[in-house]
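What follows is one structure encoded as structure tokens, with my remarks underneath.
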Amino acid sequence: ALIHSDLHTGSIMLNEEDTRVIDPEFSFFGPMAYDVAALLQNLVLNYLSHFAHTPDKKERADYQKYLLDMIRDIWCLFAEKFEALWVENNKGDLVPDAYWDYPGGEKAFAGFRRDYILKILQDVAGHGGIKFLRRMMGIVTVWDISSIEDNKKRAEIERMALRIGSRWLLERRDVTRIDDLIDIVIEEAPWR
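So that you can map any letter, position 65 of the sequence shown is 84 in our numbering, and since no number is skipped, the others follow by simple counting.
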């Protein structure tokens, strides 16, 4: 797929009527799940940063819940739209009309789509996990974390990110729904 390759909250501009993605200078053809993974990982890092940036516990918990809900919504809307477009555009030179035209063909096609979208979600977990690790151990950091002045808090949050990233990567084949990834975030970085 043609991917943005640097998709994060700072490269998406939107209002009630329009959404624009900016900064396409790193675009290339790559894994379909990469951009979704980058965006979800960026939201989780923002979630983690609020353990240091938002001292009020209720305010922090409310905002972190909002971020986790956003992660769920982004994935669910992506998967829903992806499948709808696939159903709408499932005919053509690569897929002749007769391809799914047999008794049970539509059911088989629906199962194939579900399996494919699940594979994308598992790839999101893998690519997202790698991005967590790269952001914590690489040269290019993320402001949400690097701006934490308290070294002890920043180190604790970086460890949380490393644990989340490791689990997303290593447990990616066990992921069957977006809430599996959200559960990992909550387990490794519970609301406090």
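Glycine included, each C-beta is placed from N, C-alpha and C at the ideal position. Predicted model, so just to flag it, every value in this text is computed and none were measured.
In this structure, the straight-line span from the alpha carbon of K100 to that of H23 is close to 18 Å. Judged by DSSP in its simplified three-state form, I158 adopts coil rather than helix or strand. Excluding residues up to 5 positions away in sequence, D25, S30 lie with their Cβ nearer than 7 Å to the Cβ of D42 in the same chain. The shortest CA-to-CA distance from G148 to any of G184, K172, I167, F131 is the one to G184. In the DSSP annotation of this structure, the continuous segment of the beta strand (DSSP E) that includes R39 starts and ends at 38–40.
Within the same chain, and ignoring the five residues on either side of H27 in sequence, the residues whose Cβ sits closer than 7 Å to its Cβ are A57, L58, N61. Rounded to the nearest angstrom, the gap between the Cα atoms of R79 and D120 is 53 Å. Per the C-alpha coordinates, the member of F97, T73, D75 positioned closest to M51 is F97.
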